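Under full-length UniProt numbering, the letters of the sequence shown match residues 1 to 544, in that order. In this text, a Cβ means the ideal position worked out from N, Cα and C, and glycines have one as well. From a predicted model like this one, the values you see are computed outputs, not experimental measurements. Written out below as structure tokens is the structure these notes cover.
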Amino acid sequence: MNHQYDVLIIGSGLSGLTVALHLAADKKVAVLSKKALLDGASNWAQGGIAAVLDSQDSHDEHIADTLVAGAGLCDSDATRHIVEQGRSAIDWLIELGVPFTPDQGAELGFHLTREGGHSQRRIIHAADATGHLVQLTLEQQVRAHRNITLLEYHSGVELITSRILAGGGAPSTGQPARCLGAYVYDERADRVHTILASRVVLATGGAGKVYLHTSNPDTSTGDGIAMAWRAGCRVANMEFMQFHPTCMFHPQAKSFLISEAVRGEGGVLRLPASAGAQAGERFMQWHDDRLELAPRDVVARAIDFEIKKRGLTHVDLDISHRPAEFIRAHFPTIHARCLEFGIDMTREPIPVVPAMHFTCGGVVVDMNGRTDIPGLYAVGETAYTGLHGANRLASNSLLECLVIGRSAAHDIDAQPDPDPLPGQVPDWDESRARDSSEAVLVTHAWDEVRRLMSNYVGIVRTQKRLGRARQRISLLDQEIESYYQEHRVTSDLLECRNLIQVAALVVAAALSRKESRGLHYCQDFPWTLPRALPTVMTPEEGFR
């Protein structure tokens with residue numbers, strides 16, 4: 001049975017909900033959430049949103065900071081467009097009632113913090129749980145809106161394009177004429193639905209789970225990037241996977257991020273007790289003059305270097321020299337979480353390691369979120385706008401979600417309704433599929449690809465390691481694709497298939513870049529070329 005909406009949004013993070021709320025006044029909107037609405041990466045964002053909100057700051061300074069962090073690969077026009085829309089995006093959130101941390105002495109009335117790579121205090125935040133409180137506010141609006149249908153525990157399987165009307169079956173690669181909707185897996189009912197829509201928006205987030213250690217939630221498996229690639233969209237800059245320098249190192253602290261703002265408010269990185277005679281020594285001065293406020297790629301490489309050089313398991317992040325009441329007021333979530341693991345950050349350092357954090361590349365889009373396929377949009381971490389270049393500046397990601405999400409909604413509103421479909425879209429055909437009797441293949445492939453990526457495609461890379469990763473990932477791709485064609489879909493199978501395809505894109509992009517730039521550091525090419533060019537791949541070329 002077909003379900004029909006004006007707009008189908010696949011993903012329920014900040015970018016997806018922004019699109020939905022800007023369209024719902026006069027459009028029938030469906031929002032898919034892979035799990036519960038608040039299980040995505042936006043809900044986990046701690047630091048805040050970067051925007052020019054004070055007269056001591058300027059758009060030009062924010063742009064300059066972004067371009068420096070992006071190591072020459074940011075699109076300057078895209079950067080200016082997004083930065084200049086920052087104030088109006090924040091005003092919208094304030095109007096919705098987001099409880100940003102107040103500061104009566106500030107021009108706007110809200111506290112602004114500073115993070116690595118920023119020359120000014122420009123990060124507006126809600127204590128240290130900005131993403132959660134923003135998402136809670138938007139969730140209330142979405143659940144209450146009569147024109148928004150929220151479909152939790154629903155995942156995208158494949159995009160439906162007009163090519164399918166000619167032959168039926170699941171879509172294959174190739175440039176389609178138009179996006180018509182998507183096949184969607186309903187986890188609770190264990191079946192695939194057909195959802196048609198005049199416009200489809202991919203807002204599925206990034207691909208952090210392609211690595212073994214990540215700050216991302218379990219839902220971050222690159223679904224939108226893989227679906228768009230299979231449908232015929234270009235992707236760009238997939239080699240630039242940002243590792244956050246400071247995730248808590250503790251066997252029970254799965255994916256818990258220690259915000260950039262801890263360093264912004266004076267936290268310093270020190271060698272741990274296991275470093276022997278140099279225990280407690282600050283080390284960032286050996287790597288960069290900006291110390292702990294250097295961009296994330298610099299800090300992550302410095303920590304990685306010290307860990308490997310000295311045979312350490314972690315380093316320490318220490319803010320215990322600040323007053324205890326200051327720490328509890330500014331970092332209540334982090335403080336409480338650390339206490340759960342027996343760490344009092346007001347009195348002792350926090351053990352930290354780098355972990356995969358943000359996908360800087362993605363589906364190629366314009367400033368309205370339009371992809372190569374008419375009727376298909378991509379927003380948020382799924383998309384490549386050109387803002388992040390070779391390294392994302394801290395807290396620019398939520399800004400991008402808001403600005404491009406709103407632009408996409410306005411563009412959708414301005415478009416005339418498409419012509420009626422020339423034929424009937426077939427339902428998902430699983431008549432020849434069988435239930436899995438070897439789910440262990442999926443489990444093994446899932447585990448293997450993440451270990452391969454962590455060991456061979458991490459913070460520091462070599463051509464030899466990348467080549468090994470490409471060979472094995474190619475075999476895994478063949479195995480899982482064969483399995484997918486023969487068996488009924490499950491959540492694990494869909495995620496594993498998408499994860500492997502995104503891993504192949506990351507490796508192919510990394511192999512093609514014959515230099516070191518930003519987040520991509522290759523020991524075989526330690527230099528930076530004079531001309532910065534993005535890595536753009538098309539499905540017709542395949543995985544190079």
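{"Query": "8 Å contact criterion, which M284 and L271 should meet: CB distance rounded", "Result": "Not quite, the Cβ-Cβ distance comes to about 11 Å (not below 8 Å), so this is no contact."}
{"Query": "As assigned by DSSP and simplified to three states, the class of V200", "Result": "strand"}
{"Query": "First and last residue of the uninterrupted beta strand (DSSP E) at T246", "Result": "241-248"}
{"Query": "Member of R199, L32, R122 whose CA lies at the smallest distance from the CA of P374", "Result": "R199"}
{"Query": "Straight-line gap, H111 to L93 (C-alpha atoms, nearest Å)", "Result": "15 Å"}
{"Query": "Straight-line Cα distance separating D77 from residue 573", "Result": "Residue 573 cannot be examined here, being either before or after the span of the chain that is shown, 1 to 544."}
{"Query": "Rounded C-alpha distance that separates D186 from A197", "Result": "17 Å"}
{"Query": "Minimum C-alpha distance to T194 - residue among A275, Y521, N2", "Result": "N2"}
{"Query": "Contact set for A253: own chain, Cβ-Cβ below 7 Å, skip 5 residues either direction", "Result": "F341"}
{"Query": "Test item: CB-CB of L202 and A378 under 8 Å", "Result": "yes"}
{"Query": "Element boundaries [alpha helix (DSSP H), containing R263]", "Result": "260-264"}
{"Query": "DSSP-derived helix/strand/coil call for E540", "Result": "coil"}
{"Query": "Bridge partner(s) assigned by DSSP for F358", "Result": "Q242"}
{"Query": "Cβ neighbours of F525 in the same chain (closer than 7 Å, five flanking residues each side left out)", "Result": "K514, E515, S516"}
{"Query": "Residue from S119, Q85, G86, I123 with nearest C-alpha to S102", "Result": "Checking the sequence, you will find Pro at residue 102 rather than Ser. If we check each option's Cα against that of P102, I123 comes out closest."}
{"Query": "Complete beta strand (DSSP E) runs within the region 290-340 (minimum length 3 residues, chain order)", "Result": "315-318"}
{"Query": "Any alpha helix (DSSP H) of 4 or more consecutive residues that is wholly inside the region 65-103", "Result": "76-84, 86-96"}
{"Query": "Residue(s) in a DSSP beta bridge with H59", "Result": "Bridge partners of H59: none, in fact."}
{"Query": "Nearest residue (CA-CA) to Q85, options D366, A508, L53", "Result": "L53"}
{"Query": "Host alpha helix (DSSP H) of L519 (start-end)", "Result": "No alpha helix (DSSP H) contains L519, which DSSP labels as neither H nor E."}
{"Query": "Cut-off 8 Å between Cβ atoms - residues of its own chain near H487, not counting five sequence neighbours on either side", "Result": "A433, R434, D435, S436, L493"}
{"Query": "Beta strand (DSSP E) segment containing N2, residue limits", "Result": "2-10"}
{"Query": "G105 to R121 span [Cα, whole Å]", "Result": "14 Å"}
{"Query": "Check whether residue 550 and F256 have beta carbons under 8 Å apart", "Result": "Outside the displayed span of the chain (1 to 544) sits residue 550, for which this structure offers no information."}
{"Query": "C-alpha distance - Q140 paired with E281, whole-angstrom precision", "Result": "47 Å"}
{"Query": "C-beta contact flag for V536 and A236 at 8 Å", "Result": "yes"}
{"Query": "Paired residues, beta bridge with F110 - DSSP", "Result": "P102"}
{"Query": "For A182 and A170, the rounded distance between their alpha carbons", "Result": "The pLDDT assigned to A170 is 44, lower than 50, so where the model puts this residue is not dependable; a value taken from the coordinates is nonetheless given after this. The alpha-carbon atoms of A170 and A182 are separated by roughly 10 Å."}
{"Query": "Range of the contiguous alpha helix (DSSP H) that encloses L475", "Result": "463-486"}
{"Query": "Contact under 8 Å by Cβ, H213 with V353", "Result": "yes"}
{"Query": "For residue 559, the nearest candidate out of T113, T130, V192 (CA to CA)", "Result": "Missing from the structure shown is residue 559; the chain here goes from 1 to 544 and no further."}
{"Query": "Beta carbon of A51 nearer than 8 Å to that of L441", "Result": "no"}
{"Query": "Other residues of its chain near N391: CB distance less than 8 Å, five sequence neighbours each side excluded", "Result": "A69, G70, A71, F240, Q242, P295, R296, D297, C360, G518, L519"}
{"Query": "Under 8 Å between C-beta atoms of L32 and H154", "Result": "yes"}
{"Query": "Ranges of the alpha helix (DSSP H) found wholly within the region 380-446, counting only runs of at least 4", "Result": "396-414"}
{"Query": "Residue interval of the beta strand (DSSP E) (run including T137)", "Result": "From DSSP, T137 is part of no beta strand (DSSP E) but of the alpha helix (DSSP H) over 130-144."}
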